[in-house]
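All you need for the UniProt record's numbering is the position in the sequence shown, starting with 1, plus 117.
Using N, Cα and C, we set each Cβ at its ideal position, and we do this for glycine too.
Computed from a predicted model, the values in this text were never measured in an experiment.
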Amino acid sequence: EDVQQTYIMIKPDGVQRGLVGEIISRFEHKGFTLKGLKLFQCPTELAEEHYRDLKSKSFFPKLVKYITSGPVVCMAWEGPGIVAAARKLIGATNPLQAEPGTIRGDLAIQVGRNVVHGSDSQENGQREVALWFKDGELCEWTQEITPWLRE
Ligand code: DAT
Ligand code: MG
C-alpha cells in the first residue's frame, strides 16, 4: 500500500481568521492520520528555506513576510496517496480558480492569502516534514479506526 507523508500548514491568515479547526477537520474527516501538530512562529530563514524554489520570483519577499507575519499551524499527515489527495482537498493556488468544495475554493479569495500549504510531491513531503519538525515531535501511534477506513 502506498502510504505517504505530507506537510500541511495553516498560514497566518488561516490562524488569524479562526479557520484552524475547519481546516484540520477536512483532513480528519477524509480519514488521514495526524502524525505531528504545532502552533509555531516561523523565523525568516525557515520560510526562505521552505520556499527556496520560488526565490527568483518577484513575490518572494512578500511571501516570506506573509508566512512570518504571525503563527502558523504545522502538521504532518499520513495516508495512502496523501500527497496528491491533499493537494486536491486544498485546491488551486489561486483561490478564485479553486473549485468549490476545496479549502481554498471555500475559504479564500486571493493568491497572497490562500490560507494553507500542502507539499507538491512525495519528495517534498519528506523534505518539508523534516524541515518543520524536530526529532521526537512526530507521534508514532495506531489509529484504531483504520480498519474502517482501509481494508
Ligand atoms: P502552492 O501553494 O499551491 O503549492 P506555489 O508553490 O506555486 O503554490 O506557490 C507558493 C505560494 O506562493 C502560494 O501558495 C502563494 C504564493 N504565490 C504563488 N504564486 C503567486 C503569485 N503569482 N503572486 C503572489 N503570490 C504567489
Ligand atoms: Mg507549492
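Query raised in the report: What are the complete alpha helix (DSSP H) segments, minimum 4 residues, inside the region 223-266?
Result: 239-249 and 263-266
Requested in this report: Flag this pair as yes or no: are the beta carbons of ILE127 and VAL120 separated by less than 8 Å?
Outcome: no
**Report entry** HIS234 CB to nearest heavy atom of the ligand DAT below 7 Å
**Finding:** yes
Requested in this report: Please determine, among ASN211, GLN158 and VAL200, the residue with the shortest C-alpha to C-alpha distance to PHE144.
Outcome: VAL200
Report task. Determine the closest residue to ASP223 out of LYS205, ARG267 and GLY253, with distance taken between C-alpha atoms. Result -> LYS205
Requested in this report: Could you please give me the residues that DSSP links to TYR124 through a beta bridge?
Outcome: ALA193
Requested in this report: Leaving out five residues on either side along the sequence, give the residues of the same chain with a beta carbon under 6 Å from the beta carbon of THR185.
Outcome: Once the five neighbours on either side are set aside, the close Cβ partners of THR185 are CYS159, THR161 and ALA164.
Query raised in the report: With C-beta atoms as the reference, is ILE125 less than 8 Å away from TRP194?
Result: Going by C-beta atoms, ILE125 is nearer than 8 Å to TRP194.
Requested in this report: Would you tell me roughly how many angstroms separate the C-alpha atoms of ASN241 and ARG230, rounded to the nearest one?
Outcome: 22 Å
Query raised in the report: Does ARG244 have its Cβ less than 8 Å from a Cβ in chain B?
Result: Of the protein chains in the structure, only one exists, and it is not chain B.
**Report entry** beta-carbon ASP252 near the ligand MG non-hydrogen atom, thresh 7 Å
**Finding:** ASP252: no, Cβ never under 7 Å from the ligand MG.
Query raised in the report: Can you name, in chain order, every residue of its own chain whose Cβ lies under 7 Å from the Cβ of GLN260, other than the five neighbours on each side?
Result: THR150
Query raised in the report: Measuring CA to CA, which of PHE177, GLY153, ASP130 and ILE207 is closest to GLU257?
Result: GLY153
Query raised in the report: So is the beta-carbon of LEU171 under 7 Å away from any non-hydrogen atom of the ligand DAT?
Result: Correct: LEU171 has its Cβ closer than 7 Å to the ligand DAT.
Query raised in the report: DSSP puts THR150 in a beta bridge; with which residues?
Result: GLU195
Query raised in the report: What are the partner residues of PHE144, as DSSP defines its beta bridges?
Result: Note: PHE144 sits in no beta bridge, so no partner.
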